[in-house]
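**Q** Sharing a structure, written as structure tokens. Questions coming.
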Amino acid sequence: MSMDSGSLVAWLTLLLLAVNAVFFWIYLQETKKIRIANEAQLEAQIRPALDVDPSKPSDLNIVNVGKGPALSIGFSLRDSGADVDWSAAPEGPQYCRGPLAPDQCASTWLNSGGELTLFSKSIQVRYQSLSGKQYATMVDFNQFAVFQSTRLFAR
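In this text, residue positions in the sequence shown follow our numbering: the first is 1, and each later residue adds one.
Below you can see the structure in the form of structure tokens.
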């Protein structure tokens with residue numbers, strides 16, 4: 001079986017096209033990695049981070065110590081040391097609905113059925129960034145209702 005120059009050129013063209021397709025696929029995958037890294041860097045630059053001033057348990061002061069505004073802020077009580085419950089419904093009157101700008105402080109009140117008791121409790125504060133990414137802050141209190149720690153989570 002002899003191969004004429006026309007079919008040889010066609011096969012070589014097909015081979016070069018396949019090689020180019022493989023390189024193009026690799027290029028697309030690398031570009032996707034760069035895009036994901038850039039999105040993570042941007043999110044880190046505009047991420048909100050809320051903290052609670054535990055000095056007044058009945059009038060909780062929330063401050064945004066992050067770099068971007070916090071939106072859709074909700075509060076709930078959990079047992080001390082518990083993980084974030086992303087599906088927990090906000091409890092009590094939610095006076096701080098956001099947005100809460102960086103370095104802005106707002107007062108709120110978390111009602112747990114009357115008297116707010118923080119003995120062995122955590123205050124869960126859920127919020128989101130401008131990009132829609134969800135975050136949570138868990139403020140833990142010990143068995144004497146004394147501030148113990150603040151933990152930050154990203155979903």
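Beta carbons are placed, not taken as given, at the ideal position from N, Cα and C, and that holds for glycine.
Would you call the CB atoms of Val14 and Gly68 closer than 8 angstroms?
**A** Walking along the sequence shown from the start, residue 14 turns up at place 14. Walking along the sequence shown from the start, residue 68 turns up at place 68. Strictly speaking, residue 14 in this sequence is Leu, with Val absent from that position. Contact: no.
**Q** Measuring only the C-alpha atoms, how far is Arg155 from Ala136?
**A** The count along the sequence shown starts at 1 and reaches residue 155 at position 155. The count along the sequence shown starts at 1 and reaches residue 136 at position 136. Cα to Cα, Arg155 sits roughly 8 angstroms from Ala136.
**Q** How would you call Phe119, buried or exposed, if buried means at least 16 neighbouring beta carbons within 10 angstroms?
**A** Here residue 119 is taken as the residue at index 119 of the sequence shown, counted from 1. With fewer than 16 Cβ atoms within 10 Å of its Cβ, Phe119 is classed as exposed.
**Q** Between Glu39, Ser122, Phe144, Ile36, which has its C-alpha nearest Asp85's C-alpha?
**A** Within the sequence shown, the letter at position 85 stands for residue 85. Just measuring C-alpha positions, the residue of Glu39, Ser122, Phe144, Ile36 sitting nearest Asp85 is Ser122.
**Q** Which residues share a DSSP beta bridge with Ala70?
**A** Counting from one through the sequence shown, the residue named residue 70 turns up at place 70. Beta-bridge pairing links Ala70 to Leu100.
**Q** Just to confirm before moving on: does the CB-CB distance between Val52 and Asn61 stay below 8 angstroms?
**A** If you number the sequence shown from 1, residue 52 lands on position 52. If you number the sequence shown from 1, residue 61 lands on position 61. In this structure, Asn61 lies closer than 8 angstroms to Val52 by Cβ.
**Q** Going by beta carbon distance, what residues of the same chain come within less than 7 angstroms of Ser149, once the five residues before and after it are set aside?
**A** In the sequence shown, residue 149 corresponds to position 149, counting from 1. Result list for Ser149: Asp140, in chain order.
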